[in-house]
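Below is one structure; the comments refer to it alone.
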Amino acid sequence: MLAAQRQQAIVDRLQAEGVVRVTDLVHAFDVSDMTVRRDLDSLARRGLLIKVHGGATLRSSPTSEEPGFAAKAARDGAEKAAIAAAAVGLVEPGMAIALNSGTTTHALAQLLAPIPDLTVVTNSPRIADVLWAADATATGTRGPVVIVTGGVRTPSDALVGPLAVHALSTLNVDVCFMGVHGVSLERGITTPNLLEAQTNQQMLESASRLCVLADHTKFGLSGLSRIAGLEEIQTLITDETMSASAVDLLRGYIDEVVLAPVGAPVQGVGA
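Right, dumping it as structure tokens:
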């Protein structure tokens with residue numbers, strides 16, 4: 001196994017278990033203690049873990065830290081595109097769906113224009129812009145009907161607060177596609193923003209089905225505010241880089257866990 005492969009395997013194990021021990025890694029990879037410690041040093045320099053006595057833990061960030069949309073959009077673009085391509089297969093003509101604000105749901109929005117008679121409820125001005133632009137450029141077909149909740153704008157460009165919650169409480173949708181800050185066995189799905197958590201809670205309450213879109217880097221993270229427990233999720237779509245052990249753990253709580261192949265072409269939408 002090459003050093004890069006071994007280091008990725010260490011990161012995967014960390015994301016699944018939260019901690020790794022040098023002795024366990026020596027046994028798992030059949031390498032020397034010194035080789036494992038060099039791997040941990042390399043990963044620590046890249047900011048991917050924190051070395052502790054005898055092993056390493058995940059690098060955590062403040063639970064209230066809320067990156068802006070542009071910062072999040074620059075991360076894991078191929079994985080988000082793969083997740084969006086898998087998610088669009090769940091959307092059928094004539095559906096009403098909800099998309100919360102996020103970079104992965106934004107990627108999904110870019111695939112929705114060909115699906116006829118679609119209604120999209122969103123608290124994201126950026127997603128609304130994507131869908132309105134698709135309507136303006138469509139030839140011979142009308143783009144999705146777009147319902148924007150209104151509300152106060154957050155650093156991540158979500159419209160949240162009492163106005164958004166009230167608007168969502170009057171609606172019923174078939175599927176809610178939800179991007180999240182973190183996915184944790186203990187905390188469920190979370191976000192750093194309290195008002196955004198409340199808005200997302202109402203969005204999922206207005207839906208018959210909840211589909212969470214979260215790339216592998218979200219596993220093990222917890223934001224300040226809890227949106228829902230894992231048992232409330234019907235489908236989780238992540239990317240194929242998610243570790244097998246993490247997938248096994250998630251399948252203990254969630255009915256359907258989909259691993260989206262990175263780089264795969266988008267299948268025919270709206271068919």
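Going by UniProt numbering, 266 is the number at position 266 of the sequence shown; the sequence numbering is gapless. Cβ atoms here follow ideal geometry from the backbone N, Cα and C, with glycine treated the same way.
Distance between residue j and residue i (C-alpha atoms, nearest Å)
i: ILE50; j: ASP41; result: 9 angstroms
i: VAL165; j: ASP248; result: 34 angstroms
i: ILE147; j: ASN200; result: 15 angstroms
i: ILE254; j: VAL212; result: 10 angstroms
i: THR170; j: GLY223; result: 28 angstroms
i: ASP174; j: VAL22; result: 47 angstroms
i: VAL130; j: ASP215; result: 22 angstroms
i: ILE233; j: MET1; result: 36 angstroms
i: ASN100; j: GLY161; result: 13 angstroms
i: LEU163; j: GLN202; result: 11 angstroms
i: ALA167; j: VAL26; result: 55 angstroms
i: ARG13; j: VAL36; result: 14 angstroms
i: THR154; j: GLY229; result: 23 angstroms
i: THR105; j: GLY179; result: 6 angstroms
i: LEU236; j: LEU204; result: 14 angstroms
i: ALA78; j: ALA109; result: 16 angstroms
i: ILE227; j: ILE115; result: 29 angstroms
i: PRO192; j: ASP157; result: 13 angstroms
i: ALA56; j: ASP24; result: 11 angstroms
i: LEU195; j: ALA87; result: 26 angstroms
i: ALA133; j: VAL262; result: 27 angstroms
i: PHE177; j: VAL31; result: 43 angstroms
i: ILE189; j: SER245; result: 19 angstroms
i: LEU185; j: LEU250; result: 8 angstroms
i: residue 332; j: GLN8; result: Because the chain in this structure spans residues 1 to 271, residue 332 falls outside the shown range and cannot be described.
i: THR139; j: ALA3; result: Because THR139 carries a pLDDT of 45, less than 50, the predicted location of this residue cannot be relied on, and the following value inherits that uncertainty. Looking at the two C-alpha atoms, the distance is approximately 51 angstroms.
i: THR238; j: ALA82; result: 8 angstroms
i: ALA197; j: ASN172; result: 19 angstroms
i: SER206; j: VAL52; result: 44 angstroms
Simplified DSSP state of residue i, which is helix, strand or coil
i: residue 278; result: Nothing in the structure corresponds to residue 278, since the chain is present only between 1 and 271.
i: ALA158; result: coil
i: THR149; result: coil
i: GLY182; result: strand
i: ASP174; result: coil
i: VAL262; result: coil
i: SER64; result: Any answer about SER64 is weak, because its pLDDT of 48 lies below 50 and its placement is not dependable; what the coordinates show is given next. Coil at SER64, not helix or strand.
i: LEU112; result: coil
i: THR191; result: strand
i: GLU231; result: helix
i: residue 272; result: There is no way to answer for residue 272, as the model of the chain reaches only from 1 to 271.
i: THR241; result: coil
i: SER222; result: coil
i: LEU118; result: coil
i: ALA74; result: Below a pLDDT of 50, predicted positions are generally treated as unreliable, and ALA74, at 49, falls in that range; no measurement from the model is reported.
Contact belief for residue i with residue j at Cβ below 8 angstroms, rounded distance in angstroms
i: LYS218; j: GLY182; result: 5 angstroms
i: ALA84; j: VAL121; result: Between VAL121 and ALA84 the Cβ distance is about 18 angstroms, and since that is not below 8 angstroms, they are no contact.
i: GLY220; j: GLY47; result: That pair is no contact at about 15 angstroms.
i: VAL91; j: LEU112; result: 7 angstroms
i: ARG45; j: PHE29; result: Not really, about 20 angstroms apart at Cβ, beyond 8 angstroms.
i: GLY89; j: ASP117; result: So it is not a contact: roughly 17 angstroms between Cβ atoms.
i: ILE10; j: ASP39; result: 6 angstroms
Sequence-distant residues of the same chain with beta carbon closer than 8 angstroms to residue i, five excluded per side
i: LEU159; result: SER101, ASN123, SER124, PRO125, VAL148, THR149, GLY150, GLY151, VAL152, ARG153 and THR199
Residues near residue i by beta carbon distance below 7 angstroms, same chain, minus five either side
i: SER243; result: ASP12, ARG13, GLN15 and ALA16
i: LYS80; result: THR103, THR104, ALA107 and ASP215
i: GLY54; result: ARG21 and VAL22
i: GLU231; result: TYR253
i: GLY143; result: ALA113, LEU131, ALA134 and ASP135
i: LEU43; result: GLN7, ILE10, VAL11 and LEU49
Same chain, Cβ closer than 6 angstroms to residue i, neighbours up to 5 away in sequence not counted
i: LEU259; result: GLU240
i: ILE127; result: LEU99, HIS106 and ALA109
i: ARG187; result: SER222 and ARG226
i: THR119; result: ALA96 and VAL145
i: GLU256; result: THR235
Go through the UniProt domain "HTH deoR-type" (3-58) residue by residue and report every complete run of the alpha helix (DSSP H) that reaches 4 residues or more, in order. 3-17, 22-29 and 33-45
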